[in-house]
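Here is the structure we will look at, set down as structure tokens.
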Amino acid sequence: MFSAFSSIDSHSIRAGTPAETAIKRLNGIGEVLSGLDISAIRTEDEMARMLWTLETADKCMRMILAEFRTERGKDQVVRETRSLIDLIERVRDELTGCCAAKS
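Just so we're aligned: the sequence shown equals residues 690 to 792 in our numbering.
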């Protein structure tokens, strides 16, 4: 599921405007998330840590989105943020569905 984040290339973006800075931050969050592996979860602690990581990333992205609601170039920031948030929600749903199935 997180392979969707692996196509993000933060080195190709040079921050020159506030919106570019926001995109660079979002790319960094995506890079962190791309390192997560749902299939490696074996314990409830690992599950809780994964959910906490997803929640933290979600909150960070929402803060970035809130900062740029009135900025020029916000459309790209909104698109990137919404895309990452949607992926996080899908993974969270998959994780919680997985837990319910194991119970």
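We put the beta carbon where it would ideally sit given N, CA and C, even for glycine.
Contact belief for residue i with residue j at Cβ below 8 Å, rounded distance in angstroms
i      : j      : result
ILE753 : ALA711 : 5 Å
LEU773 : LEU715 : 6 Å
Backbone CA spacing between residue i and residue j [nearest angstrom]
i      : j      : result
ASP764 : ALA729 : 35 Å
GLY724 : GLY717 : 11 Å
ARG758 : VAL766 : 9 Å
ALA674 : THR706 : Residue 674 lies beyond the range of the chain shown here (690 to 792); nothing can be said about it.
ARG731 : ARG751 : 29 Å
GLU735 : LEU743 : 12 Å
Counted within 10 angstroms of its Cβ, other Cβ atoms place residue i as buried (16 or more) or exposed
i      : result
SER733 : First, the residue type needs correcting, since residue 733 is Glu and not Ser in the sequence shown. By the neighbour-count rule (16 or more Cβ atoms within 10 Å), GLU733 is not buried but exposed.
THR785 : exposed
GLU783 : exposed
GLU769 : buried
Contained beta strand (DSSP E) runs [length at least 3] in the segment 752–789, N- to C-terminal order
Whole beta strand (DSSP E) segments, 3+ residues: zero.
Ordered list of alpha helix (DSSP H) runs contained in the segment 700–724, each at least 4 residues = 707–723
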